[in-house]
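J.: Take this structure first; my questions come after.
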Amino acid sequence: MKKERNKNPIQPTSGTKVPRFAGPSTFARLPELRDVESCDVAIVGIPFDAGTSYRPGARFGPMSIRQASRHLRTNYHPSYDVEPFKVQQVADAGDITCNPFNINEAIKQIEEGATELLNKVGGIISLGGDHTIALPLLRAINKMNNGPVALVHFDAHLDTWDTYFGAPYTHGTPFRRAREENLFLDDASMHVGIRGPLYSRDDIKNDEEFGFKIIHCDEFQTQGTDKIAERIRNRVGNNPLYLSIDIDVLDPAFAPGTGTPEIAGMTTREMVNVLRGLSGLNLISADVVEVSPAYDHAEVTSLAAATIVYELTNLFAKVKR
């Protein structure tokens, strides 16, 4: 059920009153969840990266994304013609604490934490953490939605492996597990930005059997962002939408600070243009994952992720209530 928006939202700390390098350490210097009467969208960190197969460090992603978000000017977004924090209450819910040494227990803790949060707020934007977190988040979203949702997955990789070194729960397997549990609509879901070689041609074949449609990264050059956004809109329709965004969908020139970078990726301009083309879709929750700040340079990856999260708050603001 869609909830009515908070009519008197508390604003983030203004950069015209308190310098952006000072003030609260929340995302975009928003109020904390405990300080608002009701909340339309909550930003929550999930500092977990035990499912990583290559370069670790995404556990520090939420902290680095929040830090980079200080740079943003958030009052008004001309591309959407909206003041996202005036038309809805957005707040920072802190982090979901999870066991860094036990993946099964961590997944349970993330699901429980997200479920509890979704009982209090309209939707959540989760800051990863590695992509393992998408599975428990989708489980929680399905409880809120009373059924599967459209899933649009921005990534260089499919993340539909069966196992990795015998492990069923990794950052490369969340959407295989999600399909087995019928957590997403197989006629309304897709991958966007897929590129690079695979371990086997069966990776594509298996993925198609799960119902995903794929927009390969090469298609951005031939079709442009308007057409890509149109294809996503046509696929999703009016279904409730979950967006899962792996920062490695961006080219390493724009996002070097990630665990499994792939060259020839999307630009940040292409990314935000596609997101803006999704305005009005029934977005109910989202995640931005795989920021590993130890591999970053000058905070460019963290700033890209923070900007994407801000774009998502504008998409929430454009959802009809």
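Each residue of the sequence shown is one higher than the last, beginning at 636 in the working numbering. Ideal Cβ positions, reconstructed from N, Cα and C, are used throughout, including at glycine.
Of all the beta strand (DSSP E) runs that stay within the bounds of the region 655-692, which reach a length of 3 or more residues?
T.: You should have 674-681.
J.: Evaluate Arg814 with the Cβ neighbour count: other Cβ atoms within 10 Å of its Cβ, from every protein chain shown; 16 or more gives buried, anything less gives exposed.
T.: It counts as buried.
J.: May I ask which residues mark the beginning and end of the beta strand (DSSP E) holding Ile645?
T.: No beta strand (DSSP E) contains Ile645, which DSSP labels as neither H nor E.
J.: Which one of Phe819, Gly912, Phe720 and Thr767 has the shortest CA to CA distance from Lys642?
T.: Of the listed residues, the one whose Cα sits closest to Lys642 is Phe720.
J.: Met636 to Ala741, Cα distance in whole Å?
T.: Model confidence at Met636 stands at a pLDDT of 44, short of 50, so the residue's coordinates are unreliable; what they give is reported in the following sentence. Straight-line Cα distance between these residues: approximately 28 Å.
J.: Which runs of the beta strand (DSSP E) spanning at least 3 residues fall entirely within the region 836-878, listed in chain order?
T.: Runs found: 848-851.
J.: Ignore the nearest five residues each way along the sequence and tell me which others in His851's own chain have a CB closer than 6 Å to its CB.
T.: Counting only Cβ-Cβ distances below 6 Å, and skipping sequence neighbours, we find Ile829.
J.: Which same chain residues, not among the five before or five after Val954, have their C-beta less than 7 Å away from its C-beta?
T.: For Val954, where only same-chain residues beyond five positions count, the Cβ hits under 7 Å are Asn917 and Leu918.
J.: Tell me the DSSP bridge mates of Phe789?
T.: Partner(s): Val827 and Ile880.
J.: Using alpha carbons as the reference points, say which of Tyr715, Arg836 and His706 lies closest to Arg911.
T.: Of the listed residues, the one whose Cα sits closest to Arg911 is Tyr715.
J.: Tell me, please, whether the region 762-779 touches the region 697-707 by the rule of three or more beta-carbon pairs shorter than 8 Å.
T.: Touching, yes.
J.: Can you tell me which of the three DSSP states Tyr945 falls into?
T.: The answer is helix: DSSP assigns Tyr945 an H, G or I state.
J.: Less than 7 Å between C-beta atoms, sequence neighbours within five positions excluded: which residues of the same chain meet that for Pro644?
T.: The residues are Phe720, Lys721, Gln723 and Gln724.
J.: Taking all protein chains shown into account, decide if Val784 is buried (16 or more other Cβ within 10 angstroms of its Cβ) or exposed.
T.: When all chains shown are included, Val784 counts as buried.
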